[in-house]
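For the sequence shown, UniProt numbering begins at 1 and goes up steadily by one.
We put the CB at the ideal spot given by N, CA and C, even for glycine.
Keep in mind the model is a prediction, meaning the values are calculated, not measured.
Written out below as C-alpha coordinates is the structure these notes cover.
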Amino acid sequence: MYLTVFCTVPDLETARRIAHTVVHEGLAACVNLLPGLTSVYRWQGQVEESSELLLIIKTRQERFEALEERIQALHPYQVPEIIALAIERGSASYLDWIAESTR
1 MYLTVFCTVP DLETARRIAH TVVHEGLAAC VNLLPGLTSV YRWQGQVEES SELLLIIKTR
61 QERFEALEER IQALHPYQVP EIIALAIERG SASYLDWIAE STR
(Lines of atoms letter the chains of each structure in order from A; the text may use other names.)
(Lines give C-alpha, C1' and ligand atoms only; values in the text may rest on other atoms or scores of the structure.)
Protein backbone atom coordinates (compact mmCIF):
# COMPACT_ATOMS: atom_id res chain seq x y z
CA MET A 1 0.00 0.00 0.00
CA TYR A 2 1.09 3.55 -0.71
CA LEU A 3 0.71 6.52 1.64
CA THR A 4 0.50 10.28 1.53
CA VAL A 5 1.93 11.67 4.76
CA PHE A 6 1.17 15.19 5.98
CA CYS A 7 3.58 17.02 8.26
CA THR A 8 3.56 20.69 9.24
CA VAL A 9 6.80 22.53 9.98
CA PRO A 10 7.57 26.03 11.28
CA ASP A 11 9.91 27.29 8.54
CA LEU A 12 11.43 26.67 5.12
CA GLU A 13 14.80 25.58 6.54
CA THR A 14 13.16 22.77 8.54
CA ALA A 15 10.99 21.82 5.56
CA ARG A 16 13.99 21.53 3.24
CA ARG A 17 16.07 19.63 5.79
CA ILE A 18 13.34 17.03 6.36
CA ALA A 19 12.45 16.77 2.65
CA HIS A 20 16.02 16.30 1.44
CA THR A 21 16.85 13.83 4.21
CA VAL A 22 13.86 11.53 3.75
CA VAL A 23 14.19 11.46 -0.04
CA HIS A 24 17.97 10.94 0.12
CA GLU A 25 17.53 8.06 2.60
CA GLY A 26 14.85 6.37 0.47
CA LEU A 27 12.11 6.90 3.04
CA ALA A 28 10.06 8.98 0.59
CA ALA A 29 9.81 9.21 -3.17
CA CYS A 30 8.77 12.86 -3.20
CA VAL A 31 8.04 15.69 -0.79
CA ASN A 32 6.02 18.76 -1.76
CA LEU A 33 6.64 21.89 0.32
CA LEU A 34 3.57 24.11 0.55
CA PRO A 35 4.16 27.50 2.21
CA GLY A 36 1.57 29.93 3.48
CA LEU A 37 -0.42 27.88 5.98
CA THR A 38 -1.98 29.33 9.09
CA SER A 39 -2.64 26.74 11.77
CA VAL A 40 -4.95 27.27 14.74
CA TYR A 41 -4.57 24.66 17.47
CA ARG A 42 -4.73 24.02 21.19
CA TRP A 43 -1.36 23.63 22.93
CA GLN A 44 -0.84 23.37 26.69
CA GLY A 45 -4.33 24.70 27.39
CA GLN A 46 -4.05 27.74 25.12
CA VAL A 47 -5.41 28.38 21.64
CA GLU A 48 -2.44 29.24 19.42
CA GLU A 49 -2.04 30.47 15.83
CA SER A 50 1.13 29.93 13.79
CA SER A 51 2.41 30.31 10.26
CA GLU A 52 3.62 26.97 8.94
CA LEU A 53 4.49 25.00 5.83
CA LEU A 54 2.90 21.70 4.91
CA LEU A 55 4.98 18.77 3.71
CA ILE A 56 3.13 16.28 1.50
CA ILE A 57 5.21 13.11 1.47
CA LYS A 58 4.69 10.08 -0.80
CA THR A 59 5.92 6.70 0.45
CA ARG A 60 5.05 3.04 0.95
CA GLN A 61 3.36 1.72 4.08
CA GLU A 62 6.39 -0.47 4.77
CA ARG A 63 8.55 2.66 5.12
CA PHE A 64 6.18 4.59 7.40
CA GLU A 65 7.71 3.65 10.78
CA ALA A 66 11.23 4.57 9.67
CA LEU A 67 9.91 7.76 8.04
CA GLU A 68 8.05 8.75 11.20
CA GLU A 69 11.14 8.15 13.37
CA ARG A 70 13.33 10.20 11.01
CA ILE A 71 10.89 13.11 10.91
CA GLN A 72 10.65 13.11 14.71
CA ALA A 73 14.45 13.18 14.99
CA LEU A 74 14.69 16.20 12.65
CA HIS A 75 11.59 18.10 13.75
CA PRO A 76 11.74 20.97 16.28
CA TYR A 77 8.22 20.42 17.67
CA GLN A 78 7.63 18.26 20.75
CA VAL A 79 4.58 16.72 19.06
CA PRO A 80 4.96 17.05 15.29
CA GLU A 81 1.96 16.44 13.06
CA ILE A 82 2.65 13.21 11.18
CA ILE A 83 -0.56 11.90 9.61
CA ALA A 84 -0.69 9.17 6.96
CA LEU A 85 -3.53 8.59 4.53
CA ALA A 86 -3.75 5.57 2.25
CA ILE A 87 -3.55 6.22 -1.47
CA GLU A 88 -6.60 4.33 -2.70
CA ARG A 89 -5.85 4.73 -6.39
CA GLY A 90 -3.19 6.25 -8.61
CA SER A 91 -1.58 5.85 -11.99
CA ALA A 92 0.32 2.58 -12.17
CA SER A 93 3.48 4.27 -13.41
CA TYR A 94 3.47 6.79 -10.54
CA LEU A 95 2.88 4.11 -7.91
CA ASP A 96 5.65 1.99 -9.47
CA TRP A 97 7.95 5.01 -9.24
CA ILE A 98 7.12 5.43 -5.53
CA ALA A 99 7.94 1.74 -4.97
CA GLU A 100 11.26 1.99 -6.85
CA SER A 101 12.25 5.20 -5.06
CA THR A 102 11.61 3.87 -1.55
CA ARG A 103 13.40 0.53 -1.56
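CB contact flag (Leu54, Thr8, <8 angstroms): Yes, the pair counts as a contact, with Cβ atoms nearer than the cut-off.
Asp96 versus Ile82: straight-line alpha-carbon distance, rounded: 24 angstroms
Pick from Glu49, Asp11, Thr59 and Trp43 that is closest to His24, judged by C-alpha positions: Thr59
Assigned secondary structure, Leu27 (DSSP; H/G/I helix, E/B strand, else coil): coil
Distance, Arg103 Cα to Val22 Cα: Val22 and Arg103: Cα-Cα distance of roughly 12 angstroms.
Proximity of Leu74 and Arg17 at Cβ, strictly below 8 angstroms: yes
Buried versus exposed, by CB contacts within 10 Å (16 or more), Arg63: buried
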